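Following the working numbering, the numbering of the sequence shown begins with 69 at its first residue and continues without gaps.
Since the structure comes first, as structure tokens, the remarks are kept for the end.
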Amino acid sequence: MNISVIICSTVNRTEDLKKCIDSLLNADSSREIEIIVVCDNQFNKIISEIADKYKEKIKIINAINKGLSIKRNKGIREARNEIVAFLDDDVIVDNRWIHKMSEAYKEKNVGFAGGKIIPEFEQDIPKWLEEDIFVLGGFNYYEKGNKINETRKIIGCNMSVKKEVFNRIGYFNEDFGRGAKKYSSGEEQELFQRIRKMTGYQSFYKHDAIVTHKIQKERINKEYIKERYYELGYCNGGITLLNSKVSVLKTYTKLLFSFICYILNNSLRNYTAVNYNRGLLKAVTEDN
Numbered sequence: 069m070n071i072s073v074i075i076c077s078t079v080n081r082t083e084d085l086k087k088c089i090d091s092l093l094n095a096d097s098s099r100e101i102e103i104i105v106v107c108d109n110q111f112n113k114i115i116s117e118i119a120d121k122y123k124e125k126i127k128i129i130n131a132i133n134k135g136l137s138i139k140r141n142k143g144i145r146e147a148r149n150e151i152v153a154f155l156d157d158d159v160i161v162d163n164r165w166i167h168k169m170s171e172a173y174k175e176k177n178v179g180f181a182g183g184k185i186i187p188e189f190e191q192d193i194p195k196w197l198e199e200d201i202f203v204l205g206g207f208n209y210y211e212k213g214n215k216i217n218e219t220r221k222i223i224g225c226n227m228s229v230k231k232e233v234f235n236r237i238g239y240f241n242e243d244f245g246r247g248a249k250k251y252s253s254g255e256e257q258e259l260f261q262r263i264r265k266m267t268g269y270q271s272f273y274k275h276d277a278i279v280t281h282k283i284q285k286e287r288i289n290k291e292y293i294k295e296r297y298y299e300l301g302y303c304n305g306g307i308t309l310l311n312s313k314v315s316v317l318k319t320y321t322k323l324l325f326s327f328i329c330y331i332l333n334n335s336l337r338n339y340t341a342v343n344y345n346r347g348l349l350k351a352v353t354e355d356n
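Shown next as structure tokens:
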């Protein structure tokens, strides 16, 4: 199966974008690959900086409206191949990435897949963060082999979906994702839930479909982690509320329990749990 790769550009990351595109073009594969770069308010800047270099090798389109889900959906509509893959503009794909990501779909009941993400930190990891660097997000590097039904390991900077899935169930929910008016993340998890519910397809974690992802220095501080987990809780609450009611009392009890755990042991994991449950409680109380 051939792949269309959608890269949504970010402001002031043109050099990273070029490296990402180069890694795709230099990857070892006999399969057809289509590269689609989607941008919004910096369309003219992207055109001027990369169009001459890549000419007919990539397609650059303007989403006009801001928002990651809006940009991804614009790319999906333009994609012509059987698999639609999504990369962040600051990743570098492994030389065998195209082949390995395609390989995931040899399993008949696989509708979406993701691969290993190795972090490239812009600065050294501080001591307080060494106990659990995964709280930063943006990478996984699990070494548990290739497995069906491993949704928790699939992260949006290295994922793919069968094009026919979008034709059957619709695209990313534009109420979720970076740049959305209310929920700044959660668009991938919301999509995964719909895929399973409406098609019966499963996920596939392909540990040898590898990318390297730059982790910006702005992430490596407690304030970022606090905000990240608060938003995760809020957005995951929003996803849950699409399908069912959630008890305010039970959610408040979860927050209270996590806070007690943090008082008893002020570990980084307990710190993230408190802020996640704060966000979750906000989402639930807004709905009641």
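The beta carbon of each residue, even a glycine, is placed where N, CA and C say it ideally should be.
Note that the structure is a prediction, hence the values are computed from the model and not measured.
Same chain only: Cβ atoms within 8 Å of residue i, ignoring 5 sequence neighbours per side
i: G238; result: R262
i: I151; result: M69, N70, I71, S72, M169, S170, Y173, S228, V229, K230, K231
i: F260; result: F180, T219, I222, S271
i: V233; result: G179, F180, I263, T267, Y269
i: A119; result: I128
i: R236; result: M266, T267
i: N177; result: I216, G268, Y269, Q270
Delimiting residues of the beta strand (DSSP E) encompassing residue i
i: V229; result: 226 to 230
i: N130; result: 126 to 130
Sheet register partners of residue i (DSSP bridge)
i: I118; result: According to DSSP, which records beta bridges pairwise, I118 is partnered with nothing at all.
i: V73; result: I103, A153
i: Y251; result: F244
i: P187; result: H281
Close-in-space but distant-in-sequence residues of the same chain around residue i (CB under 7 Å, 5 per side omitted)
i: E89; result: At residue 89 the sequence reads Ile, which differs from the Glu that was named. So the qualifying residues of the chain are I103, Y122, I126.
i: S91; result: I160, V161
i: V79; result: Q110
i: I138; result: A131, E242
i: I278; result: D162, W165, G183, K184, I186
i: D200; result: L336, R337
i: T353; result: V316
i: E299; result: S252, S253, G347
i: N356; result: V316
i: E117; result: T82
i: R287; result: L204
i: E188; result: T280, H281, K282, I283
i: E146; result: I104, K127, I129
Contacts around residue i, its chain only, beta-carbon distance under 6 Å, and the 5 residues preceding and following it disregarded
i: A341; result: S326
i: S97; result: I166, H167
i: E100; result: N70
i: K285; result: E190, Q191
i: N149; result: N70, I71, S72, E102
i: V106; result: C76, I129, A131, K139, K142, G143
i: D276; result: K168
i: T319; result: L348, L349, V352
Rounded Cβ spacing between residue i and residue j (contact assumed at less than 8 Å)
i: L349; j: L323; result: 5 Å
i: V203; j: L93; result: The Cβ separation is near 34 Å, so there is no contact.
i: N141; j: F240; result: 6 Å
i: K282; j: D158; result: 4 Å
i: I75; j: L155; result: 5 Å
i: K347; j: Y273; result: At residue 347 the sequence reads Gly, which differs from the Lys that was named. Actually they are not in contact, since the Cβ atoms of G347 and Y273 sit about 26 Å apart, beyond 8 Å.
i: K134; j: G247; result: 5 Å
i: E256; j: G224; result: 5 Å
i: K294; j: N343; result: 5 Å
Residue i, enclosing alpha helix (DSSP H) - first and last residue
i: E198; result: Counting along the chain, E198 falls outside any alpha helix (DSSP H), and DSSP gives it neither H nor E.
i: N133; result: Premise fails: N133 is in no alpha helix (DSSP H) and is neither H nor E.
i: V342; result: 336 to 355
- Item | Ranges of the alpha helix (DSSP H) found wholly within the stretch 267 to 329, counting only runs of at least 4 | Qualifying alpha helix (DSSP H) stretches, in chain order: 290 to 309.
- Query: In chain order, which beta strand (DSSP E) runs of at least 3 residues are fully inside the stretch 77 to 114?
  - Reply: At a cut-off of 3 residues, the continuous stretches assigned as beta strand (DSSP E) that sit fully inside the stretch 77 to 114 are 101 to 107.
- Task: Kindly provide the ranges of any beta strand (DSSP E) runs that are 3 or more residues long and lie completely inside the stretch 145 to 183, ordered along the chain.
- Result: Counting whole runs of 3 or more residues, the stretch 145 to 183 contains the beta strand (DSSP E) stretches 151 to 156, 159 to 161.
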